[in-house]
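Single-structure report; data block below.
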Amino acid sequence: MYQIDVIKTTALAKKLGGLPIFHGGYLHALTVTADTLTLHLQLLSHNNPLLANDTRVLLKLKGLRRFSFASEPTREALMMIHDLDIRKEEDVLHLRLECTQGNLHEAVFASIELTDETND
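Below is the structure:
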């Protein structure tokens, strides 16, 4: 699992009053601008007791150093999320996203923001 203090301080976690669950959610799009990688995700309400409905969120990885993602299309999105892990190692954050097909996608970055799409 991801390190709680990294996600706990984000706008979405504060709004929900707890941590979101990414398992079973979808990655719909990736956008890269300057040094930011934005993952457009959908969190499913049946996996997230804190959500009344399926919710689209933006996971912004700022101070991007490197990333490796490949499309693994499903009918619903680019990929279905099996596991999302964020760890702090030395002075950077590492994101590891595993899709349901078993492939790993990674990013190394400096800071993180997590908001629902209405707060963009």
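Letter 24 of the sequence shown, counting from 1, is numbered 200 in the working numbering, and no numbers are missing. We put the beta carbon where it would ideally sit given N, CA and C, even for glycine.
Might you give, ordered along the chain, the residues of its own chain that have their beta carbon closer than 6 Å to the beta carbon of Glu252, omitting 5 neighbours on each side? Tyr202
Does DSSP put Ile183 in a helix, in a strand, or in coil? helix
Check whether the Cβ atoms of Lys238 and Ala187 lie closer than 8 Å to each other. no
Nearest to Ala205 by CA position, among Asn229, Leu226, Val233, is which residue? Val233
What separation, rounded to the nearest whole angstrom, lies between the Cα atoms of Met177 and Asp261? Note that Met177 has pLDDT 44, beneath the 50 cutoff, so the model's placement of it is unreliable and no number is given.
Return yes when the Cβ of Leu219 is within less than 8 Å of the Cβ of Thr209, no when it is not. no
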